[in-house]
Amino acid sequence: MTALLNMDELLDQLEAGVRKHLQERQIERPALIGIRTGGVWIADVLQKRLGLDEPYGELDISFYRDDFSRLGLNPRVKPSHLPFETEDRDVILVDDVIMSGRTIRAAMNEIFDYGRPASIILATLIDLGNRELPIHPDVVAQTLTLKDSQRVKLRGPDPLRIEMRET
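This note's numbering runs 3 ahead of the 1-based position in the sequence shown.
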């Protein structure tokens, strides 16, 4: 397993990567959306670090999951909140950890229910690989390879911290 960077280093890497990506694509007014829960915590930090005036949006993708019928209703499902139009906007979709790509697919389906964005940039704190769908983040703070018995989880929101554990 690769050594995990500390939270400040992870956030610095993510911010630098997002700034570079926005500059390369000449995007000046992105709409920031975090996937609940960890992605929202990171979107909050990125919104401040990037100096974005517009508030970030929050997605709860529970109803959009392809395993919803197997999992059933989560009692903590909250409505999504996007305080801006997504139509023709460049969206930065933020999540804490990407693995299979299924959460991101669900998030994109929900975003399109609000409107058709000009583009979606995917920014994740940690990439664990193991894709089941052809979805790849544009910006990643760190890529990790875990053993089957290992799990990584973002805890927070204050302070944000990464927890590694054995199952």
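Glycine residues also receive a C-beta, built at the ideal position from the N, C-alpha and C atoms.
Can you have a look at residue i and say buried or exposed, based on whether 16 or more other CB atoms are within 10 angstroms of its CB?
i      : result
Gly60  : buried
Met111 : buried
Glu57  : exposed
Thr89  : buried
Leu74  : Residue placement at Leu74 is poorly supported in this model, since its pLDDT is 49, which falls under 50; the coordinates are not used for a value here.
Ser152 : exposed
Glu12  : exposed
One question on the structure: do residue i and residue j come within less than 8 Å of each other, judged by their Cβ atoms?
i      : j      : result
Asp130 : Ile101 : yes
Ala46  : Leu53  : no
Gly20  : Val142 : yes
Ile38  : Thr106 : yes
Leu7   : Ile165 : yes
Leu128 : Asp99  : yes
Leu14  : Val43  : no
Asp93  : Ile30  : yes
If distances are taken between C-alpha atoms only, which option among the options comes closest to residue i?
i      : options                           : result
Thr170 : Lys150, Arg164, Ile38 and Tyr117  : Lys150
Arg22  : Ala126, Glu166, Glu135 and Arg168 : Ala126
Ala109 : Arg28, Ser122, Phe66 and Pro82    : Phe66
Val97  : Pro82, Asn133, Glu18 and Asp116   : Glu18
Since I believe residue j is in contact with residue i (beta carbons under 8 Å), could you give me their beta-carbon distance rounded to a whole number of angstroms?
i      : j      : result
Gln16  : Ala144 : 4 Å
Gly104 : Leu55  : Wrong, their Cβ atoms sit about 26 Å apart, outside the cutoff.
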